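Residue numbers (the numbering used here): 29 to 318.
Step one of this worksheet: look at the structure below.
Laid out in structure tokens, this is it:
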């Protein structure tokens, strides 16, 4: 059974986050370690064994400074919201009871709390952070603006992390294993071609290129690409296409445009100035289909 800790709002409370400190109901309990189960929504999938052993030795010497945050799921049953690393280290240290805050939380809130708590850790790799951001957006139905407020980060910072998830898998793996830095990855992502991105990654690994060096290479690649685009002549329409373009523009009473590439593929663009204008164009198309 959870036992009220005499520490009250002492050092342990001061070490917790602002939400728990400000909530007068968030007093510290001592919970049997056998009554606690891991968070099924734990965003972290790997725990460094050496770091866990170090934390375990520290807990043996000074105890747990920052209590865990749990939610009650049944009689003598608790689930971890935040603090799974401390929980694992405490088991290694042979503790039978752990100081904890008990909170009311549904599954969705629990996932959000676990993800936000996970993001605050200093030892996460950039992909772990990006995946946590993506899960908060997708599974907790947060907007980037709300997410920015939740985690205390600028929207541009969040966007930079999310962009990493568009990189090829081999590069994401390299980021997770810290073969390359976040700075390297942010430079690589400015190249559109995935094969070129992988080539740059291999150059970083093989030649130990700095972030500045990769940024320089990317600038040159993008500059050459723009120059090549300027050299490529814009295909000219045959006379009959120009006549068709003019005919369609008159028919729809708007400047219809043709887009065509060197292989003869393209599209017809019918612009509209408002929803009313769009409805007018749709009406014309409906008459054609009848």
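We treat Cβ as the ideally placed atom computed from N, Cα and C, and that holds for glycine.
Since we're looking at a predicted model, the values are computed, not measured.
Query                                                                                                                                                                  : Result
Assess, as a yes-or-no matter, whether the segment 153–170 is touched by the segment 188–198 under the definition of 3 or more beta carbon pairs within less than 8 Å. : yes
Can you tell me whether residue 153 is helix, strand or coil according to DSSP?                                                                                        : coil
Under 7 Å Cβ to Cβ from residue 232, same chain only, skipping five residues before and after it: list those, please.                                                  : 208, 212 and 242
Looking at residue 200: is its Cβ nearer than 7 Å to the Cβ of residue 186?                                                                                            : no
Can the beta-carbon of residue 215 be found closer than 7 Å to that of residue 246?                                                                                    : yes
Alpha carbon to alpha carbon, how far is residue 313 from residue 222?                                                                                                 : 40 Å
Which partner residues does residue 107 have in the DSSP bridge list?                                                                                                  : 65 and 99
Which of the three DSSP states is assigned to residue 49 in this structure?                                                                                            : Reliability of the predicted coordinates at residue 49 is poor, the pLDDT of 34 falling under 50, and no value is obtained from them.
Under DSSP, the beta strand (DSSP E) around residue 287 begins and ends at which residues?                                                                             : 285–288
Determine the DSSP secondary structure at residue 176, reduced to helix, strand or coil.                                                                               : helix
Which of the three DSSP states, helix, strand or coil, is assigned to residue 57?                                                                                      : strand
What do you reckon, are the CB atoms on residue 66 and residue 87 nearer than 7 Å?                                                                                     : no
For residue 230, which residues does DSSP report across the bridge?                                                                                                    : Bridge partners of residue 230: none, in fact.
Closer than 8 Å by C-beta to residue 226: which residues in its own chain qualify, once you throw out the five before and the five after it? Chain order, please.      : 196, 198 and 199
For residue 320 and residue 287, I'd like the C-alpha separation in whole angstroms.                                                                                   : Lying before the first or after the last residue shown, residue 320 is absent from the chain, which here runs from 29 to 318.
Could you name the residues that DSSP lists as bridge partners for residue 295?                                                                                        : 287
From the DSSP output, which residues share a beta bridge with residue 127?                                                                                             : 58
Taking 7 Å as the threshold (beta carbon to beta carbon), is residue 117 in contact with chain B?                                                                      : The question asks about chain B, but that chain is absent: this structure has only one protein chain.
I'd like the list of long-range same chain contacts for residue 250, defined as Cβ closer than 8 Å, with 5 residues on each side in sequence excluded.                 : 218 and 219
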